[in-house]
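Report on the structure given below.
Residue numbers (the working numbering): 2 to 165.
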């Protein structure tokens with residue numbers, strides 16, 4: 002796997018449409034499907050980096066999500082087109098910390114944002130393990146392309162009730 006060139010900044014290579022089965026009793030996309038949509042979007046980033054099914058088959062390694070937080074900004078409805086922006090915030094030899102944003106692709110508004118840490122895992126041992134050098138180089142190249150983007154306002158956000 003060579004070093005990546007021409008990396009999208011931010012990474013915006015995943016789109017989706019809100020599916021009928023994602024709609025809840027309130028008439029909008031159910032919170033569980035935001036997780037699914039963000040998972041599919043993050044899968045696109047991992048495939049871009051080179052962590053895909055052939056990689057898992059060849060190496061016996063893959064990724065687990067170590068932490069994941071969502072902030073819901075504005076609802077989306079059945080049939081709405083979505084576009085996802087992602088950026089690598091930081092990384093090391095075993096982890097990728099990244100930020101995802103879900104936009105309504107026609108109206109342009111931010112629907113939700115998420116923060117995640119992905120762990121590189123030996124799937125047989127079920128233990129976190131370092132990326133192979135060529136994969137780590139690809140992760141680093143995406144990080145280098147994204148490191149000068151402004152940090153998201155809600156990065157590291159905590160849930161709390163603000164009392165008067």
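Even glycine gets a Cβ: it sits at the ideal position worked out from N, Cα and C.
All figures in this text were calculated on a predicted structure; none of them were measured in a lab.
Could you compute how far the alpha carbon of residue i sits from the alpha carbon of residue j?
i, j, result
"residue 52", "residue 28", "36 Å"
"residue 132", "residue 9", "22 Å"
"residue 65", "residue 163", "33 Å"
"residue 110", "residue 136", "34 Å"
"residue 20", "residue 90", "30 Å"
"residue 104", "residue 71", "14 Å"
"residue 113", "residue 146", "23 Å"
"residue 168", "residue 119", "Outside the shown range of the chain (2 to 165) lies residue 168, about which nothing can therefore be said."
"residue 44", "residue 54", "11 Å"
Verify whether the separation of the beta carbon atoms of residue i and residue j is less than 8 Å.
i, j, result
"residue 22", "residue 38", "no"
"residue 63", "residue 129", "no"
"residue 124", "residue 57", "yes"
"residue 85", "residue 15", "yes"
"residue 134", "residue 106", "no"
Which whole-angstrom value describes the C-beta separation of residue i and residue j, a residue pair presumed to lie in contact below a C-beta threshold of 8 Å?
i, j, result
"residue 11", "residue 75", "Not a contact, Cβ separation roughly 19 Å."
Thinking C-alpha only, which one of the options is nearest residue i?
i, options, result
"residue 96", "140, 70, 151 and 61", "140"
"residue 138", "50, 103 and 56", "50"
"residue 158", "43, 117, 134 and 54", "117"
"residue 154", "13, 134 and 101", "101"
"residue 79", "151, 31, 149 and 93", "31"
"residue 115", "69, 13, 108 and 45", "69"
"residue 73", "99, 151, 148 and 33", "33"
"residue 126", "142, 61, 106 and 81", "61"
"residue 144", "106, 108, 152 and 92", "92"
"residue 94", "83, 165, 40 and 142", "142"
"residue 152", "67, 81, 98 and 24", "98"
Jot down the residue ranges of each uninterrupted alpha helix (DSSP H) in the segment 14 to 91, minimum 4 residues, whole runs only, in chain order. 32 to 50 and 54 to 60
Segments assigned alpha helix (DSSP H), at least 4 residues, entirely inside the segment 122 to 153: 134 to 147
Contained beta strand (DSSP E) runs [length at least 3] in the segment 88 to 117, N- to C-terminal order: 96 to 105
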